Amino acid sequence: MGERLKNKVAIITGAGSILAGTGNGKATAIVFAREGAKIMATDYNLEAAEETKRIIEKEGGTCISFYADVSKASDCQKMIDTCVEKFGRVDILHNNVGMGGYAGPVELAEEIWDKTMTINLKSMFLTCKYALPYMEKQGSGVIVNIASLSAIRCQPAPALAYSVSKAGVIALTREVAIQYADKGIRCNAILPGMMKTPMVEYYNPDAYGDGSVELMWQRRDAMCPTGKQGESWDVAHAALFLASDDSKYITGTTLRVDGGLSGTQRSWPPDKK
Ligand SMILES: NC(=O)c1ccc[n+]([C@@H]2O[C@H](COP(=O)([O-])OP(=O)(O)OC[C@H]3O[C@@H](n4cnc5c(N)ncnc54)[C@H](O)[C@@H]3O)[C@@H](O)[C@H]2O)c1
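For the sequence shown, the positions run 3 to 275 when my numbering is used.
Given below as structure tokens:
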């Protein structure tokens, strides 16, 4: 056990994984707990959050699981109030929940645009809305928002709603950071590139692998300068840096966790026209 988050209380949204395996939120909950944080693992799939709790407790950490659909204001308010009730404070809010999906403006259904904005962007406004008053009273707090490289760079396949929602996360991060900078509260965003996670397995095989998960993994590896996609643990360790005092003078910024992908001009790998 490390001590970089000793005695801190952290809420992780989407702390389960959409399929078997370890997504970004789950890995972050586990890494924060290993560094001494008390974890509130929240998800609208309670069973998935409970699995994360079991892993943390087996390693000797502290975790409670909690049902919250972060697209709903009442659930966000209850989540934050319950955290303060159970642990007495909220030091870290890690906004991880997000949904994927591929379509350009013509193909995209209006409902999917609305759903994507609600789940990826409005959810972060709502969790901040209810967490910030507590953090302000404490005189301290850290918010880490999971955006995406798609906020600043097109994916090979059109992902209009996803990319626009994630660009919004960067603006939300900056607004919160500047408004609360003199109140001891920091807010930063992580831009993951191509990570090999259950979420990608769920949303991306058609866009990247012509329906094949294996082909998708091969193509995504080939697009990365390192020859390999990242892992959820890479996102989790970046989040640990931003959540800990190691980054105490860093706010309002974005951290790319992309193995150099954003520095390239690569699009599809050579086998895909
Ligand atoms: N994997 C990548 O390549 C990649 C790249 C860029 C950004 N990201 C971002 O990483 C984040 C997701 O990471 P993950 O690996 O943990 O995903 P995941 O899909 O494995 O897990 C997300 C969890 O969120 C929960 N969830 C979904 N909607 C919810 C809601 N409305 N309320 C509460 N819980 C909800 C799901 O039940 C699931 O357990 C997203 O924001 C995604 O956009 C991923």
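For glycine and all other residues, C-beta sits at the position ideal for the given N, C-alpha and C.
Predicted model only: the values in this text are computed from it and were never measured.
Measure the alpha-carbon distance for residue i versus residue j and round it to whole angstroms.
i: Ile41; j: Asn190; result: 19 Å
i: Ala39; j: Tyr164; result: 31 Å
i: Leu123; j: Leu193; result: 14 Å
i: Met197; j: Ser152; result: 13 Å
i: Pro200; j: Gly23; result: 6 Å
i: Gly141; j: Gly186; result: 5 Å
i: Gln220; j: Leu174; result: 34 Å
i: Asp83; j: Thr30; result: 22 Å
i: Asp93; j: Arg6; result: 13 Å
i: Ser76; j: Thr228; result: 43 Å
i: Ser19; j: Phe34; result: 16 Å
i: Ser2; j: Lys168; result: Only positions 3 to 275 of the chain appear in this structure, which leaves residue 2 out of reach.
i: Arg176; j: Thr255; result: 7 Å
i: Val108; j: Val166; result: 15 Å
i: Arg188; j: Lys139; result: 14 Å
i: Val86; j: Gly211; result: 44 Å
i: Cys65; j: Gly25; result: 17 Å
i: Gly27; j: Ala238; result: 8 Å
i: Tyr136; j: Gly102; result: 31 Å
i: Ala70; j: Gly106; result: 30 Å
i: Thr120; j: Glu216; result: 31 Å
i: Lys131; j: Ser264; result: 31 Å
i: Lys60; j: Gly4; result: 16 Å
i: Gln79; j: Arg268; result: 43 Å
i: Leu257; j: Leu110; result: 29 Å
Who does residue i pair with in a DSSP beta bridge?
i: Ser67; result: Ala43
i: Thr15; result: Thr44
i: Thr256; result: Ala191
i: Met197; result: Gly232
i: Val146; result: His96, Asn190
i: Met133; result: Residue identity check: residue 133 is Ala in the sequence provided, not Met. In the DSSP output, where bridge partners are listed per residue, Ala133 has none listed.
i: Ala105; result: Ala161
So does residue i have its beta carbon nearer than 8 Å to some heavy atom of ligand 1?
i: Leu134; result: no
i: Asn26; result: yes
i: Asp45; result: yes
i: Met42; result: no
i: Gln231; result: yes
i: Ile145; result: no
i: Pro107; result: no
i: Ile20; result: yes
i: Gly261; result: no
i: Met196; result: yes
i: Met201; result: yes
i: Gly186; result: no
i: Ser264; result: no
i: Asn190; result: no
i: Leu193; result: yes
i: Thr15; result: yes
i: Ser152; result: yes
i: Gly102; result: yes
i: Ser142; result: no
i: Ser76; result: no
i: Tyr210; result: no
i: Ile82; result: no
i: Ser73; result: yes
i: Asn122; result: yes
i: Lys250; result: no
i: Val99; result: yes
i: Lys131; result: no
i: Tyr204; result: yes
i: Ala50; result: yes
i: Lys55; result: no
i: Val237; result: yes
Is there at least one Cβ from chain C nearer than 9 Å to residue i's Cβ?
i: Glu216; result: Any reference to chain C falls outside this structure, which holds one protein chain only.
Does the stretch 136 to 150 come close enough to the stretch 238 to 258 that 3 or more CB-CB pairs lie under 8 Å? yes
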